[in-house]
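Participant: The structure is given below, and queries will be raised subsequently.
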Ligand SMILES: Cc1cc2nc3c(=O)[nH]c(=O)nc-3n(C[C@H](O)[C@H](O)[C@H](O)COP(=O)(O)OP(=O)(O)OC[C@H]3O[C@@H](n4cnc5c(N)ncnc54)[C@H](O)[C@@H]3O)c2cc1C
Ligand code: SF4
Ligand code: F3S
Ligand code: FES
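Pasting the structure below:
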């Protein structure tokens, strides 16, 4: 095409979408099961699995911090990307607005998660 | 003839730019035999029922790529789709989705041709060679890397299957990307970097949301979705790595 | 005088017109649950930062009927996401050549699902191990 | 009327037309090229060619062998100097196509692979799986995009040539999408419009193969040469005529009659061996195989199917894996169209019309007698096919002579000045009025389809595998009648945009002219040679009276005038055309006598 081509900045969002998609595909179901069903209902796992001290210790370790951050942030970016595209798909071309809303929320979530994790300390 | 000749109903989406504001449907009764393709049904209509019906066709053997139509809502080659698979129910035939209808079953193809022309669909040799020097060596493995993507017949079924193309006709789309990829991975070609600009652009591969239906309907097993999605990875690599490489990747 | 007047069909409601697209929209919609679940975790994280009482209260809310229902649905949706994610994998990945032959699509899908199963078990084992 | 000023016009976007366009662009980038095609180039019927394209490749092969196979195969009706040029150029052209990206099938070490083909002594057929024509056409089309001097007029239907001062000055075409006329001016034109197989009923050709270019040149006084030679391909799908490539037999397929017997051994093609031997049995030439079918049918040894008699093409012994690898498209065709799994069951086949050996008379440099007009590809008769084309020679022909035509046209265009534009436009407007007249005629009552079917049937009856004076005469009479009735043809559709009804009527008129040239050429050739076989006292080849080319000249409103031209013989004197063991013996003797 002769007209000048504008480089898309989609790779950033797409990479985050892909990483989040993969992470949620691999761990999503089990995470939901553990935190949302097994522990509240006392299935399979001891009821105190997520006791304050244990979770705090986990989150204070850099591995735990990293995992929690990755899960929350990447899940959000994955979802934001899909939802943004689905809005486009069903004919809501809110354009920049939708983009700001979707990715904006993901960004806010990411910042809060990062800040909180840092605040919790090591 | 003892047996009553069988007939099948074919419902055709008609549009005549000189008469109609919008398309409308028309139903024809066509004699039915077991080995008749939908194309043959439509040809029967043209020959004996309504000479004004327009559609493209040529080879009748699923290789020229002209006869794509929506058959009961599914993008199909009409020469390779058989009435027996619908009989005795009615078959609905429409112009390929997502393209402008020029008339009846004929779509406007100029947009696709422009895309095809834009991808530099020819070998830009890594090492030029003259015929006197003989052929390039290319092992069957090297051939296998691109052969599948070179079997695209430009039938455009994949575009009719891709909602992202429907929503944004500027999207370079499945078949053109498959052809672009075909040249990029050909061992004789050295111009991947030149073709990257288009892949990276706003018309490029990131319009694709991996619906995947394009590959589902492709009659030649080209798997255009694979070409598009592989190039997302390539494009993302190009996007991030340009900061590292001194030449800055593709411009 | 040129009499061409190409007719462009509207796209409204396209996702309802083909079962394939309906399926696509459903798997796209799983993102809503992924987002909601991430939000739940984020709230949990905030509560954790606020101290033990807040954390325990958060744990308690997870035991509510609505919370359980939500997580049930999320489990289904995200499992479905896992399935579709690996189902389209062969379409999105560069071809894998093994012994001169292209690996069949279903092998890749099966491999992905197996990896997800392994990851889930590992996670469960880890949590279980930590809890003891 | 739109006017476009080009230097060289190419009518036809198939293999020959595209190769010609590229040749012009490479010869002189300053020349403006108009490539006019009634379909998008990649829809051209070259796309359907399956088997492959001939060019000497193996060390054990030689140009002489290729020459001899071609001349013997053509029953000595070839222009031998042209064949010599042709065989010497094939390999270079095929290699050029390789450089342009054609995905030729390869040997393990990366060289281009070759396969056996009917009538060829040594394996020399280059192939791209069983989609050779498809890959060649797309390679050429996509490569043509590289040249900015090629301006395409896609889906422009050429309705006439403009001749001024006895040389070509332009063409008139309808833009199908709008129904508007365009005058393309140019100082040279190449016709590359392909064959005319669709004048017959059962054929392997695509809907676009209607002999348009032949009729265009013919009406402007250029003779059509050797039109009686129409090739039947022995292995086609009953009913539709779709082709099962000769490569099926090259890979080792058998032809069986209803008793499961390899009947070809009864027709001088034996002995029957389990693996393919070049120029024997199933790898004999097409005319012989089609004729053998006819005799089997007479003897009641064919199988009766819903679309007439068939024999069996048996590929079962090759096994699914090999079939899927070497003949994937054939596999799918058999499965989808016939519901036959070729690994498990034999495929029913019968002969159908496949190729027009004759065409627009041109010399060895593709120049027609009309100054500035060139022709290449199936529409032309450059002289390499004689009375019977060998499979895989025609794809090579597109390359070799497409290039020659392009280069010659470029040279000619550079050497002359354009014609006076005013008179050219006046002619074009007259053409527009005449062609619009076909559409606007309201008195007619003849259905296009009816006339077309009657034409195709009478051609099959009179000009089939075997011919008799009486039936040929009936065909000639019938064609005269149809031409008369054509004056009353009714074009139902009176509109402008995408009016295919109108185009079908124009094509039908072209077809009737071409059919007439075929039938009258046939009835006048009182001998049997190659694809022209008679059963009415002229069963033998007659070199005394008929070692010459038929030339049909157009006569407005009447039957064509037939005369004859000489055949150029350089190094191969007419001999017996023998295949199988007999052929090998004959060759031994020939060698011995030459010392
Ligand atoms: C099924 C099949 C299999 C074959 N297999 C082989 C094989 O294996 N090996 C081999 O050597 N040969 C094979 N052949 C023969 C060979 O393919 C053809 O002879 C050759 O492709 C013809 O090419 P062409 O360029 O002359 O014409 P085509 O490819 O037919 O192109 C004709 C062009 O002219 C254009 N045209 C026609 N009329 C008009 C008009 N009025 N206005 C504007 N444009 C017009 C068309 O649009 C088209 O672009 C096969 C043929 C068939 C039918
Ligand atoms: S990729 Fe497949 S569906 Fe798309 S145009 Fe090519 S052959 Fe047709
Ligand atoms: S359908 Fe369209 S969205 Fe992508 S995977 Fe195929 S191009
Ligand atoms: S008619 Fe050629 S693909 Fe159907």
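Protein chains in written order, with the numbering used here: chain A, 1 to 122; chain B, 123 to 373; chain C, 374 to 505; chain D, 506 to 1100.
Glycine included, each C-beta is placed from N, C-alpha and C at the ideal position.
Predicted, not measured: the structure shown is a model, and the values here were computed from it.
For residue 351/B, decide whether its Cβ has a neighbour in chain C, counting only Cβ atoms nearer than 8 Å.
Facilitator: As a working note, residue 351/B is residue 229 in the second chain. Cβ-Cβ to chain C under 8 Å: yes for residue 351/B.
Participant: Using 8 Å as the limit for Cβ to Cβ distance, is residue 167/B near chain C?
Facilitator: In the second chain, the residue the question calls residue 167/B occupies position 45. By this cut-off, residue 167/B is not an interface position.
Participant: Tell me the start and end of each unbroken beta strand (DSSP E) in the segment 843-895 of chain D that is at least 3 residues and wholly inside, in chain order.
Facilitator: 852-861, 864-866, 878-880, all fully within the segment 843-895 of chain D.
Participant: So if I threshold CB-CB distances at 8 Å, which residues from the segment 436-469 of chain C count as touching chain A?
Facilitator: Listed by position, the residues of the segment 436-469 of chain C near chain A (Cβ gap below 8 Å) are 436, 440, 441, 443, 444, 445, 447, 448, 451, 452, 454, 455, 458, 459.
Participant: Quick one: is residue 258/B near chain D, going by C-beta distance under 8 Å?
Facilitator: Locating residue 258/B in the second chain gives position 136, counting from the first residue. Yes, contact with chain D.
Participant: The alpha helix (DSSP H) with residue 1026/D in it runs from where to where?
Facilitator: Within the fourth chain, numbered from 1, the residue matching residue 1026/D stands at position 521. Here the alpha helix (DSSP H) through residue 1026/D covers 1005-1029.
Participant: Could you give the DSSP three-state label for residue 542/D: helix, strand or coil?
Facilitator: Counted from its first residue, the fourth chain places residue 542/D at position 37. Residue 542/D falls in the strand class under three-state DSSP.
Participant: Note down, in chain order, all residues in the segment 336-348 of chain B with a beta-carbon under 8 Å from any beta-carbon belonging to chain C.
Facilitator: Those would be 337, 338, 345, 347, 348, in chain order.
Participant: Given a threshold of 16 other Cβ atoms within 10 Å of its Cβ, counted over all protein chains shown, does residue 913/D qualify as buried or as exposed?
Facilitator: As a working note, residue 913/D is residue 408 in the fourth chain. Residue 913/D should be labelled buried.
Participant: Out of curiosity, what's the CA-to-CA distance linking residue 400/C and residue 193/B?
Facilitator: Here the question's residue 400/C lines up with position 27 in the third chain. Here the question's residue 193/B lines up with position 71 in the second chain. Roughly 26 Å separates the two Cα atoms.
Participant: Relative to ligand 1, is the shortest distance from any of its heavy atoms to the C-beta of residue 588/D smaller than 7 Å?
Facilitator: As a first step, residue 588/D is located in the fourth chain; it is residue number 83 there, counting from the start. Every heavy atom of ligand 1 is 7 Å or more from the Cβ of residue 588/D, so no.
Participant: So with Cβ pairs under 8 Å, would you call residue 325/B a contact of chain E?
Facilitator: Reference to chain E is not applicable here, since the protein chains of this structure are A, B, C and D.
Participant: Cα separation between residue 552/D and residue 727/D?
Facilitator: Residue 552/D sits at position 47 when you count from the first residue of the fourth chain. Residue 727/D sits at position 222 when you count from the first residue of the fourth chain. Looking at the two C-alpha atoms, the distance is approximately 28 Å.
Participant: Give me every residue whose Cβ sits closer than 6 Å to any heavy atom of ligand 3, in chain order.
Facilitator: For ligand 3, the selected residues are 283/B, 284/B, 286/B, 296/B, 330/B, 331/B, 332/B, 333/B, 334/B, 335/B, 336/B, 347/B, 350/B.
Participant: Is it the case that the Cβ atoms of residue 30/A and residue 432/C are separated by a distance below 8 Å?
Facilitator: The count along the first chain starts at 1 and reaches residue 30/A at position 30. The count along the third chain starts at 1 and reaches residue 432/C at position 59. Result no, Cβ atoms of residue 30/A and residue 432/C do not sit closer than 8 Å.
Participant: Which residues of chain A have a Cβ atom closer than 7 Å to the Cβ of residue 482/C, listed in chain order?
Facilitator: Position 109 of the third chain, counted from the start, is the residue given in the question as residue 482/C. Chain A residues near residue 482/C: none, gap ~12 Å exceeds 7 Å.
Participant: I think residue 180/B touches residue 544/D, with their Cβ atoms under 8 Å apart; what is that distance to the nearest whole Å?
Facilitator: Numbered from 1 along the second chain, position 58 holds the residue referred to as residue 180/B. Numbered from 1 along the fourth chain, position 39 holds the residue referred to as residue 544/D. Correct: roughly 6 Å between the Cβ atoms.
Participant: Give a yes or no on whether the minimum CB-CB distance between residue 940/D and chain B is below 8 Å.
Facilitator: As a position in the fourth chain, residue 940/D is number 435, starting the count at 1. Answer no: the Cβ-Cβ gap between residue 940/D and chain B never drops below 8 Å.
Participant: Output yes or no for whether 8 Å exceeds the beta carbon distance between residue 202/B and residue 159/B.
Facilitator: In the second chain, the residue the question calls residue 202/B occupies position 80. In the second chain, the residue the question calls residue 159/B occupies position 37. Yes. Within cutoff.
Participant: Quick check on the DSSP output: the beta strand (DSSP E) that includes residue 761/D runs from which residue to which?
Facilitator: Translated into positions along the fourth chain, residue 761/D becomes position 256. Counting along the chain, the beta strand (DSSP E) containing residue 761/D begins and ends at 759-761.
Participant: Could you name the residues of chain C that residue 52/A contacts, counting a contact when the two beta carbons are closer than 7 Å?
Facilitator: In the first chain, counting from the first residue as 1, residue 52/A sits at position 52. Those are 425, 428, 429, listed as they occur along chain C.
Participant: How many angstroms separate the CA atom of residue 999/D from the CA atom of residue 148/B?
Facilitator: Here residue 999/D refers to the residue found at position 494 when the fourth chain is read from its first residue. Here residue 148/B refers to the residue found at position 26 when the second chain is read from its first residue. Cα to Cα, the separation comes out at about 19 Å.
Participant: Note the first and the last residue of the continuous beta strand (DSSP E) segment covering residue 1066/D.
Facilitator: Here residue 1066/D refers to the residue found at position 561 of the fourth chain. That run of the beta strand (DSSP E) goes 1066-1071.
Participant: What are the start and end residues of each continuous alpha helix (DSSP H) run of 4 or more residues lying completely inside the segment 680-753 of chain D, in chain order?
Facilitator: As far as the segment 680-753 of chain D is concerned, its whole alpha helix (DSSP H) runs of at least 4 residues are 717-724.
Participant: Between residue 215/B and residue 339/B, how many whole angstroms is the CB-CB distance? I'm expecting something under 8 Å.
Facilitator: Looking up residue 215/B in the second chain gives position 93. Looking up residue 339/B in the second chain gives position 217. Incorrect: roughly 16 Å between the Cβ atoms, too far for contact.
Participant: How long is the line joining the alpha carbons of residue 629/D and residue 683/D, rounded to whole angstroms?
Facilitator: Within the fourth chain, numbered from 1, the residue matching residue 629/D stands at position 124. Within the fourth chain, numbered from 1, the residue matching residue 683/D stands at position 178. Roughly 46 Å between the two C-alpha positions.
Participant: Which word fits residue 85/A, buried or exposed, when buried means at least 16 other C-beta atoms lie within 10 angstroms of its C-beta?
Facilitator: For the purposes of this step, residue 85/A is taken as the residue at position 85 of the first chain. So residue 85/A ends up on the buried side.
Participant: For residue 292/B and chain C, any beta-carbon pair shorter than 8 Å?
Facilitator: Position 170 of the second chain, counted from the start, is the residue given in the question as residue 292/B. No, its Cβ sits nowhere closer than 8 Å to a Cβ of chain C.
Participant: Would you check whether ligand 1 has a heavy atom nearer than 7 Å to the C-beta of residue 795/D?
Facilitator: Numbered from 1 along the fourth chain, position 290 holds the residue referred to as residue 795/D. No, since every heavy atom of ligand 1 falls outside the 7 Å radius drawn around the Cβ of residue 795/D.
Participant: Give the residues of chain B in contact with residue 78/A, contact being defined as C-beta atoms less than 9 Å apart.
Facilitator: As a first step, residue 78/A must be located in the first chain, where it is residue number 78. What residue 78/A touches in chain B: nothing, since even the nearest Cβ is about 13 Å away.
Participant: What runs of the alpha helix (DSSP H), each 4 residues or longer, lie entirely inside the segment 527-583 of chain D?
Facilitator: Correct list: 568-578.
Participant: At the level of alpha carbons, what is the spacing between residue 797/D and residue 1089/D?
Facilitator: Along the fourth chain, one-based indexing puts residue 797/D at 292. Along the fourth chain, one-based indexing puts residue 1089/D at 584. Roughly 20 Å separates the two Cα atoms.
Participant: By a C-beta neighbour count over all protein chains shown, 10 Å radius and 16 as the cutoff for buried, is residue 820/D buried or exposed?
Facilitator: In the fourth chain, the residue the question calls residue 820/D occupies position 315. When all chains shown are included, residue 820/D counts as buried.
Participant: Let me know if residue 960/D comes out buried or exposed under the rule of 16 or more other beta-carbons within 10 Å of its beta-carbon.
Facilitator: Position 455 of the fourth chain, counting from 1, holds the residue named residue 960/D. Label assigned to residue 960/D: buried.
Participant: Is DSSP giving residue 174/B helix, strand or coil here?
Facilitator: In the second chain, the residue the question calls residue 174/B occupies position 52. If DSSP states are grouped into helix, strand and coil, residue 174/B belongs with coil.
Participant: Could you pull the DSSP bridge partners for residue 659/D from this structure?
Facilitator: To locate residue 659/D, count along the fourth chain from 1; it is residue 154. Beta-bridge pairing links residue 659/D to 542/D.
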